[in-house]
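Numbering (UniProt numbering), first residue to last: 1 to 188.
All residues carry an ideal CB built from backbone N, CA and C; glycine is no exception.
What follows is a single structure, written as structure tokens, with notes after it.
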């Protein structure tokens with residue numbers, strides 16, 4: 001139902017599950033396990049898996065912190081999108097990768113909830129995509145020392161407000177990892 005009528009397919013987009021990003025993140029192990037399960041299911045169902053990997057001055061390309069966590073491994077056939085901004089679409093190849101695969105519905109998981117996840121789901125929605133946020137497959141580190149709410153509240157709030165997003169001819173949804181539907185059907 002996206003505004004991209006020639007793109008009937010769904011893709012799993014895994015964002016920034018890198019050592020330096022999720023070290024010490026809230027419920028790190030269970031979130032990574034949920035993402036691993038999603039990746040395996042997507043592969044089994046023939047759904048494209050697209051990996052996004054951030055780098056900047058604090059997350060240097062090629063460093064151990066920059067690497068994806070050991071529990072997740074990208075197949076050589078799966079696209080890897082390098083990014084330098086919060087929104088995975090900004091100055092990247094993500095739009096071209098999705099277009100080539102005929103993708104109009106994104107299932108999003110990864111890190112960090114209050115930064116790259118939020119930026120990307122909003123960026124996708126404004127570009128015409130249907131966006132499903134996997135409610136138990138995104139996380140963030142604690143930023144309360146800078147005035148942010150506790151991380152569980154950040155995650156809960158993101159899941160809450162994303163479940164009420166709306167725009168013409170697009171659907172936003174939040175589902176648990178176990179309930180993700182890779183067939184492309186999106187419902188509220």
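Taking the Cα of residue 66 as reference, the smallest distance to any Cα among 75, 76, 55 is reached at 55. Within 10 angstroms of the beta-carbon of residue 152 lie fewer than 16 other beta-carbons, which makes it exposed. According to the DSSP assignment, residue 158 belongs to the alpha helix (DSSP H) that extends over 151-163. Contact between residue 111 and residue 139 holds: CB atoms are separated by about 6 Å, below the 8 Å threshold.
Just measuring C-alpha positions, the residue of 137, 173, 19 sitting nearest residue 63 is 19. Exclusion of the five residues before and after residue 69 leaves 17, 18, 19, 22, 32 as the residues of its chain whose Cβ lies within less than 8 Å of its Cβ. Taking C-beta separations shorter than 6 Å and ignoring five residues to either side along the sequence, the partners of residue 115 in its chain run 86, following chain order. Excluding five sequence positions before and after residue 4, the CB atoms of its chain that fall closer than 6 Å to its own CB belong to 104, 128, given in chain order.
Judged by DSSP in its simplified three-state form, residue 29 adopts helix. Across the structure, residue 164 and residue 173 are spaced so that their CA atoms are roughly 8 Å apart. Just so you know, the alpha carbons of residue 71 and residue 36 end up roughly 7 Å apart.
Annotation for residue 80: 51, 53, 74 place their beta carbon closer than 7 Å to its own, counting only its chain and skipping 5 residues before and after. Straight-line measurement puts the Cα of residue 113 at about 11 Å from the Cα of residue 143.
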